[in-house]
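Residue numbers (this note's numbering), protein chains in the order written: chain A, 1455 to 1930; chain B, 186 to 700.
Shown next, in the form of structure tokens:
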């Protein structure tokens, strides 16, 4: 029963694929609720699943951390589908409509399944296969709109993705050569602190770095974020990042844990480069999607801080922040998707006067942006605070300073959008946006979640307890 | 729920009430805000009375205590695994700051009676900001403190950006970013305080029982002092203040200069000096020197200004310098002076900015050389302006005199960790500012209110309305009461400050032993 969520997701995917063949265009509007129901079912199954246990001779394992990752994936997928609904239905404006809703949803679900599997894999082969399943569908989704930008995005993503996979595979190969085993948990005992191990580690981190958009492996992000349809960008920014973090945590905690402490400085440098570059370049962006790409890059830098010290508190901080980031980012993307759907624009200046036209949408967007900037009492603040605390605990007080100053820089560019929405007057002839019911509900849910996660301690405490249990079982 | 929580909750509930009113009922919105802040004023008065009764028997015990005694304490565990509590309480410093804030927000709401553009959002943000301010003063858990601190700073961006004048976007952004960089410093210091003490609690009263290594104190203290100093307009991090105050609408200037800048001095005192006494000893002289620059620079800067708001903003930089100067002097007299100055400057600047707003609303200019003879047409405003000016140059009988004399005496007494010759020289230099202040205040007032009326349009101007008389009257009265009976306030704060000094001396012996 451990694999029930994955099975439900795959089954829903196939069901949609088959149904899509027999439905008329009008009836295809049913596909979105069906996909939502499937994901909700998987969520329910996940809640009922015990958070520990193994299957397939240890190749598939459930632990508290994997449980939280899967929860994040499923929640993000559910919200993404809800946000995309307006673009998939028949009534959507022809120009910006996403064609073939059945195939779109099926691919999304397969992608989701890859991520769910990824969190549970415990050996190199399944890890690699799951990672490919979590990656290749994204190439297709990125190129969904068959225009020049979309095509460029898809192709570029595929080439870069292949490069990343190659690096990762090379790293895995070296690891297998060194240890002679495929089992991740058997590796630490067989590895020695030598240059080859370091080399393997560097290759793996570089490979995963592409997914997590760590500097200097971030170059693909702006083009893909801009070229892909906004809902796909939303999914990409949350899902791809979560999957990347899941892999990095698997590899660093399961395989390289003995060396994690010594790698502190390298991690600190990588984090510094990632957040600083992401933040500085975000300042000059005019396109909201490119802007969100750089914002996402900088967020990856903060996430990385959780690896410092290599303890369960850091792991908990990362998982909690990932959850917070997912809901907060999706609430910002909800407004971006809606705005793009109804105005066709992706320019930041076209958000001017939004607070006069749609006060509630503007408020939600502002709260989302403040959440990303880490302003209390939003959960983004607590999440960042936890990561900074881990950094300070590991003794990197200077890095806390760097990260905190980076937060201030990020506040500058998030405030630029707030300025457009609140201080500037609306453009002549601008009309209020009309959000659909499903998008409104999703936006309300994400906004509420991004506030509550910061005020109600239950979720963090649960993640923290889970992470402590997880690290203990790893130690044995 | 106790009084301390209600003091935070009431402005928040008022915010929600303002949000609940439909936007077109702007009259109702004003009244809701006024009733809410008025109720808060009454609540504050009741709390002060009760506090006074509870605390006055304890003054003898405070003479030897090294931990501040809190009253009305409420503690609810929050993030248990981190050791974060919802912990609020009141001591004498907190009490005096709550009184100040409550007065300023009430008069501030009165002073913004004629805000017509997007009234609802204005009052909601104003009240949200003040919720944050009360939260900072009342919370004794560092996490909670920091959270409220940012809530207090951020609404300022929109308040200035939307309702401000002049280069408002620039000023708003500059202010927000500089204050946030300050809070980045504080965050580093705060996490160091937390983890050095074992990483189990953010409770200020428990952290105070932990003796931090001297080396650590020496690098953390300047971070905390400068971090809060940015908000307290510490030279050279004060540059946000003139621009910000000049661009801000009246009530926001009042609240910002009157209350928000006090958070800087308060934080430097409460977290810096209290938790890191040895760091304070090490850096005391340095910061005394820096704040002397503050005091003189602000005063000389004010002479050159022709815009009334810039004029007051520079004078604020100078006066806030007294607060930090008092904190850095590290003796009872100086610390008392710092807290008194926070109070008196808060009221005085609140009055100044309220009056400037009222004059500007009539003349549509803030340029001093363009005005003249206004006392003839608006006697009430002129008299209030004179009183604020006199208080600002330290005339006995007003709160400013009490505060500044304490600060100067404190600076002159010095402390055993700094060279007395240097502290005395710095104090003498700082006292020069009184002369400079007199020059700019008197010159400015004379130009604006005395002499012939320079513009025939001014003949038709009217004096203060009822709401304006009420708001300025309350502030003038407060200045006079504290000036004539400073004992009321000193009694409140002295017992709270004694432990600060005792802590400094308790560790001072240990340090002297090393040397």
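Cβ atoms here follow ideal geometry from the backbone N, Cα and C, with glycine treated the same way. Nothing here was measured: the structure is a model prediction, and the numbers come from that model.
Once DSSP output is grouped into helix, strand and coil, what is the label at residue i?
| i | result |
| --- | --- |
| residue 461(B) | coil |
| residue 694(B) | Because the pLDDT at residue 694(B) is just 47, under 50, the model does not fix this residue reliably, and the value given afterwards should be weighed accordingly. Residue state, collapsed to three classes: helix. |
| residue 1481(A) | helix |
| residue 258(B) | strand |
| residue 620(B) | helix |
| residue 490(B) | coil |
| residue 1575(A) | strand |
| residue 552(B) | strand |
| residue 388(B) | strand |
| residue 1920(A) | helix |
| residue 1741(A) | strand |
| residue 688(B) | helix |
| residue 1680(A) | helix |
| residue 648(B) | coil |
| residue 324(B) | strand |
What first and last residue would you give for the beta strand (DSSP E) that runs through residue i?
| i | result |
| --- | --- |
| residue 274(B) | 270–275 |
| residue 1508(A) | 1507–1509 |
| residue 1515(A) | 1514–1516 |
Around the Cβ of residue i, are there at least 16 other Cβ atoms within 10 angstroms (buried) or fewer (exposed)?
| i | result |
| --- | --- |
| residue 1601(A) | exposed |
| residue 1684(A) | buried |
| residue 577(B) | buried |
| residue 132(B) | Outside the displayed range of chain B (186 to 700) lies residue 132(B), so it cannot be described from this structure. |
| residue 1852(A) | exposed |
| residue 1809(A) | buried |
| residue 1742(A) | buried |
| residue 1649(A) | exposed |
| residue 1926(A) | exposed |
| residue 603(B) | buried |
| residue 1918(A) | buried |
| residue 635(B) | exposed |
| residue 1460(A) | buried |
| residue 1507(A) | exposed |
| residue 563(B) | buried |
| residue 184(B) | The structure shown does not extend to residue 184(B), since chain B is modelled only from 186 through 700, so no value can be given for it. |
| residue 1860(A) | buried |
| residue 551(B) | buried |
Check for me: the alpha helix (DSSP H) holding residue i runs from which residue to which?
| i | result |
| --- | --- |
| residue 1732(A) | 1718–1737 |
| residue 1709(A) | Taken as a continuous stretch (DSSP letters only), residue 1709(A) belongs to no alpha helix (DSSP H), as it is neither H nor E. |
| residue 400(B) | 399–416 |
| residue 443(B) | No alpha helix (DSSP H) holds residue 443(B); DSSP gives it neither H nor E. |
| residue 1631(A) | 1602–1633 |
| residue 1771(A) | 1766–1797 |
| residue 1854(A) | 1851–1876 |
| residue 1845(A) | 1833–1847 |
Cβ of residue i less than 8 Å from any chain D Cβ?
| i | result |
| --- | --- |
| residue 1576(A) | You won't find chain D in this structure, because its protein chains are A and B. |
Does the region 1767–1782 of chain A come within contact of the region 1671–1689 of chain A, defined as at least 3 CB pairs closer than 8 Å?
no
Taking a cut of 7 Å between CB atoms, which residues from the region 1842–1856 of chain A lie near chain B?
1842, 1843, 1846, 1847, 1851, 1854, 1855
At a Cβ cut of 8 Å, what residues of the region 250–267 of chain B count as close to chain A, listed as they run along the chain?
263, 264, 265, 266, 267
Could you tell me whether the region 213–228 of chain B touches the region 345–358 of chain B, where touching means 3 or more Cβ pairs closer than 8 Å?
no
Could you tell me whether the region 398–409 of chain B touches the region 432–444 of chain B, using the rule of 3 or more Cβ pairs below 8 Å?
no
Note down, in chain order, all residues in the region 391–421 of chain B with a beta-carbon under 7 Å from any beta-carbon belonging to chain A.
none
Residues from the region 366–381 of chain B in contact with chain A, defined by Cβ distance under 8 Å
366, 368, 369, 370, 372, 373, 376, 377, 379, 380
Check each residue of the region 339–362 of chain B: if its Cβ is closer than 9 Å to any Cβ of chain A, include it; give the result in chain order.
339, 342, 343, 346, 347, 353, 354, 357, 358, 361, 362
Mind listing which residues of the region 1905–1923 of chain A have their C-beta closer than 7 Å to chain B's C-betas, in chain order?
1911, 1914, 1915, 1918
At least 3 beta-carbon pairs within less than 8 Å: the region 648–667 of chain B vs the region 572–588 of chain B
yes
State whether the region 248–259 of chain B contacts the region 271–278 of chain B, with contact taken as three or more CB pairs (one from each stretch) at a distance under 8 Å.
yes
According to a CB-to-CB cut-off of less than 9 Å, which residues of the region 569–589 of chain B neighbour chain A?
none
Decide if the region 597–605 of chain B is in contact with the region 508–518 of chain B; the criterion is three or more beta carbon pairs, one per stretch, under 8 Å apart.
yes
What residues in the region 1819–1832 of chain A have a beta carbon less than 8 Å from any beta carbon of chain B?
1824, 1829, 1830, 1831
Contacting positions in the region 1855–1869 of chain A - beta carbon closer than 8 Å to chain B:
1855, 1858, 1859, 1861, 1862, 1865, 1866, 1869
Examine the Cβ distances between the region 406–413 of chain B and the region 445–459 of chain B and report whether three or more of them are shorter than 8 Å.
yes
Interface positions of the region 307–338 of chain B facing chain A (Cβ-Cβ less than 7 Å), listed along the chain:
332, 335, 336
Is the region 1656–1664 of chain A touching the region 1609–1622 of chain A in the sense that three or more CB pairs, one from each, lie closer than 8 Å?
yes
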